[in-house]
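*Asks:* In our numbering, the protein residues as written are 527 to 813.
We put the beta carbon where it would ideally sit given N, CA and C, even for glycine.
None of these values were measured; they are calculated from a predicted model.
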Amino acid sequence: LPGTVIFVFQPSEEGPPAGETGGAARILAEHGLDNPAPSAIFGLHVVPGLPGTIFYRPEGFMAAADEFQINLHGRQTHGAWPWQGIDLISLSAAIVSDFNRIAARTVDVTNTPTVLSVTTINGGNRWNIIPQDALMAGTLRTFDPAERVAVQHRMEQTVQSLAQSYGATAELHLTEHGRVTYNDPALTAWALPAMTEAAGAGHVDPAHARTMVSEDFSYYQEHIPGLFVHLGASQDGVDPATSAPNHSPLFNPNERILPLGVRAHVLFAVRYLESGGLHTQAPAAQH
527 LPGTVIFVFQ PSEEGPPAGE TGGAARILAE HGLDNPAPSA IFGLHVVPGL PGTIFYRPEG
587 FMAAADEFQI NLHGRQTHGA WPWQGIDLIS LSAAIVSDFN RIAARTVDVT NTPTVLSVTT
647 INGGNRWNII PQDALMAGTL RTFDPAERVA VQHRMEQTVQ SLAQSYGATA ELHLTEHGRV
707 TYNDPALTAW ALPAMTEAAG AGHVDPAHAR TMVSEDFSYY QEHIPGLFVH LGASQDGVDP
767 ATSAPNHSPL FNPNERILPL GVRAHVLFAV RYLESGGLHT QAPAAQH
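1) Quick check on Ala712: does DSSP put it in helix, strand or coil?
2) Can you give me the C-alpha to C-alpha distance between His703 and Phe669, rounded to a whole angstrom?
3) To the nearest angstrom, report how far apart Gln807 and Gly529 are at their CA atoms.
4) Cutting at 8 angstroms between CB atoms, please list the residues of its own chain near Arg736, excluding the five before and the five after it.
5) Is Ala591 helix, strand or coil by DSSP?
6) Rounded to whole angstroms, how far is the Cβ of Ile656 from the Cβ of Gly605, which I believe are closer than 8 angstroms?
7) Consult DSSP for Val635 and reduce its assignment to one of helix, strand or coil.
8) Give me the Cβ distance between Asn772 and Pro577, rounded to the nearest whole Å; I'm assuming they're in contact under 8 angstroms.
9) Straight-line CA distance for Phe625 to Tyr708?
10) Express the C-alpha separation of Leu753 and Thr714 in angstroms, rounding to a whole number.
11) For a quick check, are the C-beta atoms of Phe568 and Phe794 less than 7 angstroms apart?
12) For Asn637 and Glu673, what's the separation of their Cα atoms in angstroms?
13) For Ala727, count neighbouring Cβ atoms within 10 angstroms of its own Cβ and tell me buried if that reaches 16, exposed if not.
14) If we count the other Cβ atoms within 10 Å of its Cβ and call it buried at 16 or more, is Trp716 buried or exposed?
15) List the endpoints of the continuous alpha helix (DSSP H) containing Thr684.
16) Return the chain-ordered list of same chain residues with a C-beta closer than 8 angstroms to the C-beta of Pro751, the five sequence neighbours on each side being excluded.
17) My output table needs one value for Ile750: the three-state DSSP class, helix, strand or coil.
18) Compute the Euclidean distance between the alpha carbons of Ser618 and Met662, then round it to the nearest angstrom.
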């Protein structure tokens, strides 16, 4: 077959050392896909789902992800004398409550799905002391770039106004971890026969619901027409709705379906090269 296939092996996608980049961002920053430059890129991830079923959707498939950290600073006091300090525990609770309001009451989630979750609150180390400092963290997931910026602005307003009302100070820090995973519509339509060939008729879901999890494959798709799909990998006889998700210590993928994932990747590359490339004669990349 004429053409070139590039295999992409990413360093530290899930957590590079402090101050460093990893994953797709590092590959691109180090010009790992500049020469030769691919005309298409394909990616696949196992997830809880009907074993052996490939599912995806054209256009926006997976959400953009931002990490946030909130540093709160108040005045320590004894728990018996709260009026002598600044209660960061109550402030943290107020921020959680208002963040829930942002996602539920200021965003049209029927049009632009948005999730804002506080996942950690750390403050104090004694049962009878109101702490001087507290740290909150969590994640923002969005599908619309303009809505993402608007929600971040509302988060900053909320944190600062609540901190001021309590007499505290606060800093909100945002770190981007991925953009919207956007499946190129033309490439997605082209790839359907290859996916059906790999998984079999009735085992491809081309109109799956958008998912709020994220994938740094999205950075490649900003430069290269791309397709990212999920492969159901729950154990046989286990309800996918109750099987442990990715990033869980209980995640237990069905190894029986792994060859299917390999077959799908191979067919993406082979059929693409056989067709002469959907867009140009540049190589296809595999992630």
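*Replies:* A quick look at the data gives this:
1) helix
2) 14 angstroms
3) With a pLDDT of 42 at Gln807, under the threshold of 50, the modelled position of this residue cannot be trusted; read the value that follows with caution. Approximately 7 angstroms between the Cα atoms of the pair.
4) Arg583, Gly586, Phe587, Met588, Ala589, Pro639 and Phe669
5) strand
6) 6 angstroms
7) coil
8) That pair is no contact at about 15 angstroms.
9) 27 angstroms
10) 6 angstroms
11) yes
12) 10 angstroms
13) exposed
14) buried
15) Pro671 to Tyr692
16) Ser565, Ala566, Ile567, Asp710, Ala712, Leu713, Leu804 and His805
17) coil
18) 8 angstroms
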